[in-house]
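According to my numbering, the residues represented by the sequence shown are 1 to 323, in order.
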Amino acid sequence: MDDESFFSGIADALKSISQTAYPHYKYFVDNLDADKITDLNAVELELDYMVQYCYDDKILKLFKRALRKLYYKYPEVVASQVESYRMMYEDEDYENESNEEIEQNNTMISKRVGPDPNAAFPNPEMPGMCFIKNVITRKNIDVGDYSYYYDDIHNPAEFEKRNITHHYENLGDKLIIGKFCAFGKNIEFVMNGANHRMNSATTYPFTIFGSGWEKVTPEVSELPFKGDTVIGNDVWIGADVTILPGIHIGDGAIVAANSVVTKSVPSYTIVGGNPIKVIRKRFDDETIKFLQNLKWWDWSAEKIFENLELLCGADIGRLKDVL
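What follows is the structure, given as structure tokens:
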């Protein structure tokens, strides 16, 4: 697409902004290639209008993406928009983001320290990957920053619907996922609602079919209950893994693809199989203790960025200098 055709529809779109704002701006941002832009005035006009319509959460997210794409190539073009963006959030009446989130988003624009943790799809080049916390709607699910799910076949934004099963609010169990976790496609968290009563002559769930059978509806206290399912931080779970109710997986653990997790997994341990078995510890006990105390996932985005080489390097001992 040449620059002329890219900008040709801007004026018409702006005339009917109230009806076409989101589709237009999604097209605009998806096709925004900073290296090929020559008509900077047109881009500035688009961003200026986007600022005005940022009360719409969807356009707000698109606006953030546009700024990040342009900032490092043409900082002078977006300078006024960045200022408008910050001023908009200084308005005490704006209730959609906390002060902490505002400060974090401003930092993301002014300094490159990683992807936006509040973006559902942090990398436009990888539409099959999403930050899970930004697509969750239920209060009984808690997910930390940067934990992602990857699925190149189904929409990863449907994680809550497709990958968490038998999760009923009346049972009270929660799914808790830490920060910086990596989940392969078709992972399934089976929650306590999947359990049948086992201390009677039959395990058949008559009550769910109604038609009179509901007379034997069990009390919640009569059903097997394994508690919350808790996944630590920096946990890597491969594709097609099934995790049963009440499982706890420790920080830094790895679960091999196609496994069925039937028991809890210690921190920094590699497991696999059906049912899972311990394959090995990732490190010696001293190193594991050091990493558990380090808790790098709780660092600020700036500190993580500054120490990426150490975090991703093989010489873990060098991280001791960070403490």
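By construction, the Cβ of each residue, glycine as well, lies at the ideal position given by its N, Cα and C atoms.
Environment of Ala253 [buried if 16+ CB atoms lie within 10 Å]: buried
Cβ pair Val261, Ile243 closer than 8 Å: Yes, these two residues count as a Cβ contact at 8 Å.
Where the alpha helix (DSSP H) containing Arg162 begins and where it ends: Phe159 to Arg162
Segment contact flag, the stretch 174-192 with the stretch 200-212, C-beta cutoff 8 Å, min 3 pairs: no
CA-to-CA distance, Phe305 to Asp315, given in whole angstroms: 17 Å
Among Trp296, Ala301, Glu302 and Ser300, the one whose alpha carbon lies nearest that of Leu319: Trp296
Closest residue to Tyr301 among Lys133, Gly172, Arg197 and Asp116 (Cα-Cα distance): At residue 301 the sequence reads Ala, which differs from the Tyr that was named. Looking only at Lys133, Gly172, Arg197 and Asp116, the smallest Cα-Cα distance to Ala301 is reached by Asp116.
Buried or exposed (CB count within 10 angstroms, at least 16 for buried), Ser5: Its pLDDT being 44, under 50, Ser5 is placed unreliably in this model, and the value from its coordinates should be taken loosely. Classification for Ser5: exposed.
Gly227 and Asp173 closer than 8 Å at C-beta: For Gly227 and Asp173, yes; Cβs fall inside 8 Å.
Sub-8 Å separation of Ser342 and Gly272 beta-carbons: In the structure as shown, the chain begins at 1 and stops at 323. Residue 342 is therefore absent and cannot be evaluated.
Euclidean distance between Cα positions of Asn123 and Met129: 8 Å
Reference Val255, options Ile237, Lys281 and Lys289, closest by Cα: Ile237
Where Arg138 falls, given that 16 or more other Cβ within 10 Å makes a residue buried: Looking at its Cβ environment, which holds fewer than 16 other Cβ atoms inside 10 Å, Arg138 is exposed.
Cβ-Cβ distance between Ile177 and Ile132 below 8 Å: The answer is yes: Cβ separation under 8 Å.
Where Val241 falls: helix, strand or coil (DSSP): In this structure, Val241 counts as coil in the three-state DSSP scheme.
Sub-8 Å separation of Arg280 and Ile288 beta-carbons: no
Exposure label - Pro156; buried when at least 16 CB within 10 Å: buried
Ala194 - DSSP class collapsed to helix/strand/coil: Helix, per DSSP.
Where Ile17 sits in the DSSP three-state scheme: Confidence in Ile17 is poor, its pLDDT being 41 and thus under 50, which makes the residue's placement unreliable; the coordinate value appears in the next sentence. Three-state result, Ile17: helix.
Whole-number beta carbon distance between Pro245 and Asn170, since they are thought to touch under 8 Å: Their Cβ separation, rounded to whole angstroms, is 15 Å, which puts Asn170 and Pro245 out of contact at 8 Å.
Cβ-based burial, Ser110 [other Cβ within 10 Å; buried from 16]: Model confidence at Ser110 stands at a pLDDT of 46, short of 50, so the residue's coordinates are unreliable and nothing is read from them.
Ala257 and Val235 closer than 8 Å at C-beta: The answer is no: Cβ separation not under 8 Å.
Alpha-carbon to alpha-carbon, Phe189 and Asn140: 13 Å
Neighbour-count burial assignment, Ala194, 16 or more Cβ in a 10 Å radius: Taking every protein chain shown into account, the CB of Ala194 has fewer than 16 other CB atoms within 10 angstroms, so this residue is exposed.
Which residues DSSP lists as bridging Phe131, in chain order: Tyr148
Bridge partner(s) assigned by DSSP for Gly272: Lys277
Residues near Ala119 in its chain [Cβ-Cβ closer than 8 Å; skip 5 each side]: Cβ neighbours of Ala119 within its own chain (closer than 8 Å, five residues either side excluded): Lys61, Lys64, Arg65, Phe131 and Asn134.
Thr229 in three-state terms, based on DSSP: strand
Straight-line gap, Ser350 to Gly317 (C-alpha atoms, nearest Å): Here the chain covers residues 1 to 323 and nothing more, so residue 350 does not appear.
Coarse secondary structure for Phe7, derived from DSSP in three states: Low confidence applies here, because Phe7 scores a pLDDT of 43, under 50, leaving its location unreliable; read the following figure in that light. For Phe7, the secondary structure class from DSSP, reduced to helix, strand or coil, is helix.
Residue from Leu175, Ile153 and Leu310 with nearest C-alpha to Gly232: Among Leu175, Ile153 and Leu310, the Cα nearest to that of Gly232 is on Leu175.
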